[in-house]
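J.: Read in the UniProt record's numbering, the sequence shown has 234 at position 234, and its numbers run on one by one without any break.
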Amino acid sequence: MQHVPLLINGEFISSQSQQFIDVTNPANNSVIARAPIATDAEIEAAVNSAKETFLTWREVPVPERARVMMRYQQLLKEHHDEIATLLSSETGKTFDDAKGDVWRGIEVVEQAMNAPAMMMGETAENVARGIDTYSYIQPLGVCLGITPFNFPAMIPLWMFPMAVACGNTFILKPSEQDPLTPTRLAELFIEAGAPKGVLNVIHGGKDQVNKLLNHDDVRAVSFVGSVPVGQHVYKTATDNMKRAQCFAGAKNHSVIMPDANVKQVLNNLVGASVGAAGQRCMAISVAVFVGEASQWIDELTQMIGQVKPGLWDDKDAAYGPLISPQAKARVLSLIQQGKNEGAKCLLDGSDFTLPGYEEGNWVGPTVFSDVTTDMEIYKQEIFGPVLCCMVVDTLEEAIALVNSNPFGNGTSIFTASGAAARKYQHEIEVGQVGINVPIPVPLPFFSFTGWKNSFYGDLHAYGKQAVRFYTETKTVTARWFENDIPSGPNMTIELK
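1) Does the Cβ-Cβ distance between C143 and Y470 come in under 8 angstroms?
2) At which residue ranges does the region 125-169 contain complete beta strand (DSSP E) runs of 3 or more residues, listed in the order of the chain?
3) Among the candidates F170, S49, S254 and L459, whose CA atom is the shortest distance from the CA of Q425?
4) Look at the Cβ atom of L172, then the Cβ atom of V201, and state whether they are nearer than 8 angstroms.
5) Determine, using beta carbons only, whether E381 and G249 come nearer to each other than 8 angstroms.
6) What do you reckon, are the CB atoms on V224 and T169 nearer than 8 angstroms?
7) Under 8 angstroms, do P182 and P161 count as touching if we go by C-beta distance?
8) My output table needs one value for residue 517: the three-state DSSP class, helix, strand or coil.
9) Along the chain, where does the alpha helix (DSSP H) containing E59 start, and where does it finish?
10) Give me the Cα-Cα distance between P152 and T492, rounded to the nearest whole angstrom.
11) If distances are taken between C-alpha atoms only, which option among K379, A327 and N483 comes closest to P26?
12) Would you report the Cα separation of E82 and D22, rounded to the nearest angstrom?
13) Given residue 498, which residues of its chain have a CB within under 8 angstroms of its CB, disregarding the five upstream and five downstream residues?
14) Can you name, in chain order, every residue of its own chain whose Cβ lies under 8 angstroms from the Cβ of H203, other than the five neighbours on each side?
15) State the Cα-Cα distance for the pair M120 and Q138, rounded to the nearest angstrom.
16) Just grab the DSSP bridge partners of W451 for me.
17) So G320 packs on P309, CB below 8 angstroms; how close in whole Å?
18) How about the region 407-423 and the region 439-459: do they share at least three Cβ pairs that are nearer than 8 angstroms?
19) Could you confirm whether any beta carbon from chain C is found closer than 8 angstroms to the beta carbon of C166?
20) Would you kindly check if the distance between the Cβ of C388 and the Cβ of V262 is under 8 angstroms?
21) Mind checking whether P63 and P116 have CB atoms under 8 angstroms apart?
22) On a CA-only basis, which of L311, A293 and N267 is nearest G360? Give me that one, please.
23) What would DSSP say about R357, mapped onto helix, strand or coil?
24) Can you name, in chain order, every residue of its own chain whose Cβ lies under 6 angstroms from the Cβ of D370, other than the five neighbours on each side?
25) What do you reckon, are the CB atoms on I323 and T53 nearer than 8 angstroms?
26) Using 8 angstroms as the threshold, is the C-beta distance between Y462 and W103 below it?
27) Should the region 124-136 be called in touch with the region 104-115, which here means at least 3 C-beta pairs below 8 angstroms?
28) For A220 versus P385, is the C-beta distance shorter than 8 angstroms?
29) Could you check the C-alpha separation between N240 and S222 for me, to the nearest Å?
30) Just curious, the beta strand (DSSP E) that S30 is in, first and last residue?
31) From the DSSP output, in three-state form, read off S49 for me.
32) Please report how far the alpha carbon of I413 lies from the alpha carbon of F289, in whole angstroms.
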């Protein structure tokens, strides 16, 4: 049985813990590894390593830090398929989906290579007579990243490469449900030349997270996960005077106008709704059909009905199992609740099983119509392969519906009208908008900008906002006297 190591001060070590968490293959729930629940002493050692290393890492010239990222992205590309295979084995994702997970992370590492330009400050000469003002961008110190199960490559790579390129050191606490992929990412980071202590990896659960959140030497916290945990992490971190960015739940709507290209709409909605078994924070879980576009619901249901879950290496499989039996039970409960509350179940995947893998966490694609805003399948983030269909008469009604939802992670509109698209993107109260693009996850030279209850904090992940999150700005105002030394004191705040 494989035991997942900790990474402390540049060494992969076996934990001294007596408590372990089983890592399972979601396709059949067989145990494939065991992850330790790190001891208090191991957590302290990781923080101390990061704290001490920061004193030297911050002095490494930013071009040298960028070269580590250059080597790292090259190693990630060389090992791309290997990482994707490992990722599939512990998440159940199809191989193509796993490769996408890895690649979207690599794109952030490529952006981290641009650290020298992103770390530039500002300068103004002669802000007053003989006085110049200029600013420096400086790292914070020890940063913490807490990542979820659904993107075990991409989301860790959202965090530590940007933080480290800015001159910080980092402690990664990945999901205990799929820690093998983040561990492999850490191995390649060490191979790329990252010094000891720049990245440390700790495994565990809530208690380990709380110890790190309350540690005086942790300066900033990045989190991706559920709403309750996100709220807890944000409150605990900020109560301890730490900087925090917490990405939480979502209920993403796609608005379909009657002038949209029907084939484009249907093809995009199939993948965006049930792809990755719906376990995406940017999945489209609500399709809002405007006017005559509602005629397409039956055809959409037929297309989704042709989607079949399967094993990660089955080229015909559209998506894999849910991550755990608990996740499956929750999704099935919500499907049943939707039926009980009066939604019309056009396609029911509750009874799906894969022959030979009956013990797996399988849920077939599911579609509801006649969904209303007071139903639990609408109010909750299902995080499964379930699409809720709603019908409104006008674009204005669609905008009002989306804006009344407490989440604001992502949304999309399908239309052939530039005016309708412009109105939607301007009036919608959601942080990431796609126009004829179903899942509008920005590339990493922009930032991931969820709103409302989908995000707690001020500065978002990757892009320019990540640099601001992981750094402080120091502003210097300087004067060098020549022979014209003022004759008397300046008793005002004015620069003279």
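Glycine included, C-beta positions come from ideal geometry on N, C-alpha and C.
T.: Quick answer:
1) Numbered from 1 along the sequence shown, position 143 holds the residue referred to as residue 143. Numbered from 1 along the sequence shown, position 470 holds the residue referred to as residue 470. Yes, the Cβ-Cβ distance between C143 and Y470 is below 8 angstroms.
2) 131-139 and 142-146
3) By 1-based counting over the sequence shown, the position of residue 425 is 425. Ranking the options by Cα distance to Q425, first place goes to S254.
4) As a first step, residue 172 is located in the sequence shown; it is residue number 172 there, counting from the start. As a first step, residue 201 is located in the sequence shown; it is residue number 201 there, counting from the start. Contact flag set, yes.
5) One-based indexing of the sequence shown puts residue 381 at position 381. One-based indexing of the sequence shown puts residue 249 at position 249. Yes. Within cutoff.
6) Start at 1 with the first residue of the sequence shown, and residue 224 comes out as number 224. Start at 1 with the first residue of the sequence shown, and residue 169 comes out as number 169. No, the pair does not count as a contact, with Cβ atoms beyond the cut-off.
7) On the sequence shown, position 182 is the one that residue 182 refers to. On the sequence shown, position 161 is the one that residue 161 refers to. Not in contact: P182 and P161 (Cβ atoms no closer than 8 angstroms).
8) The requested residue 517 does not occur in the structure, where the chain is confined to residues 1 to 496.
9) For the purposes of this step, residue 59 is taken as residue 59 along the sequence shown, with counting starting at 1. Segment: none, E59 is in no alpha helix (DSSP H) and carries neither H nor E.
10) Reading the sequence shown from its first residue, position 152 is the one you call residue 152. Reading the sequence shown from its first residue, position 492 is the one you call residue 492. Answer to the nearest angstrom: the Cα atoms are 56 angstroms apart.
11) Here residue 26 corresponds to residue number 26 of the sequence shown, with the count starting at 1. Of K379, A327 and N483, the residue nearest in Cα terms is A327.
12) One-based indexing of the sequence shown puts residue 82 at position 82. One-based indexing of the sequence shown puts residue 22 at position 22. Spanning the two alpha carbons is a distance of roughly 22 angstroms.
13) Residue 498 lies beyond the residue range present for the chain, which begins at 1 and ends at 496; the question has no answer from this structure.
14) Reading the sequence shown from its first residue, position 203 is the one you call residue 203. Hits under 8 angstroms: V4, L6, S15, I21, A35, P36, I37, A38, K173, P174, E176 and P179.
15) Counted from its first residue, the sequence shown places residue 120 at position 120. Counted from its first residue, the sequence shown places residue 138 at position 138. Near 10 angstroms, if we compare the C-alpha coordinates of Q138 and M120.
16) In the sequence shown, residue 451 corresponds to position 451, counting from 1. W451 pairs with G408.
17) Position 320 of the sequence shown, counting from 1, holds the residue named residue 320. Position 309 of the sequence shown, counting from 1, holds the residue named residue 309. Between P309 and G320 the Cβ distance is about 6 angstroms, and since that is below 8 angstroms, they are a contact.
18) yes
19) Absent here is chain C; the protein component of the structure consists of one chain.
20) Here residue 262 refers to the residue found at position 262 of the sequence shown. Here residue 388 refers to the residue found at position 388 of the sequence shown. Contact: no.
21) To locate residue 63, count along the sequence shown from 1; it is residue 63. To locate residue 116, count along the sequence shown from 1; it is residue 116. Closer than 8 angstroms, so yes.
22) Indexing the sequence shown from 1 puts residue 360 at position 360. When each option's Cα is compared against that of G360, the closest is L311.
23) Along the sequence shown, read from residue 1 onward, the residue named residue 357 stands at position 357. The question names Arg, but residue 357 in the sequence shown is Tyr. It is coil, neither helix nor strand.
24) Walking along the sequence shown from the start, residue 370 turns up at place 370. Here the set comprises A343 and K344.
25) Taking the first residue of the sequence shown as 1, we reach residue 323 at position 323. Taking the first residue of the sequence shown as 1, we reach residue 53 at position 53. For I323 and T53, no; Cβs fall outside 8 angstroms.
26) Taking the first residue of the sequence shown as 1, we reach residue 462 at position 462. Taking the first residue of the sequence shown as 1, we reach residue 103 at position 103. Going by C-beta atoms, Y462 is not nearer than 8 angstroms to W103.
27) no
28) In the sequence shown, the residue the question calls residue 220 occupies position 220. In the sequence shown, the residue the question calls residue 385 occupies position 385. Result no, Cβ atoms of A220 and P385 do not sit closer than 8 angstroms.
29) One-based indexing of the sequence shown puts residue 240 at position 240. One-based indexing of the sequence shown puts residue 222 at position 222. Cα to Cα, N240 sits roughly 14 angstroms from S222.
30) For the purposes of this step, residue 30 is identified with residue 30 of the sequence shown, where counting begins at 1. Taken as a continuous stretch (DSSP letters only), the beta strand (DSSP E) holding S30 covers S30 to P36.
31) Position 49 of the sequence shown holds residue 49. Helix, per DSSP.
32) As a working note, residue 413 is residue 413 in the sequence shown. As a working note, residue 289 is residue 289 in the sequence shown. Approximately 10 angstroms, taken between the alpha carbons.
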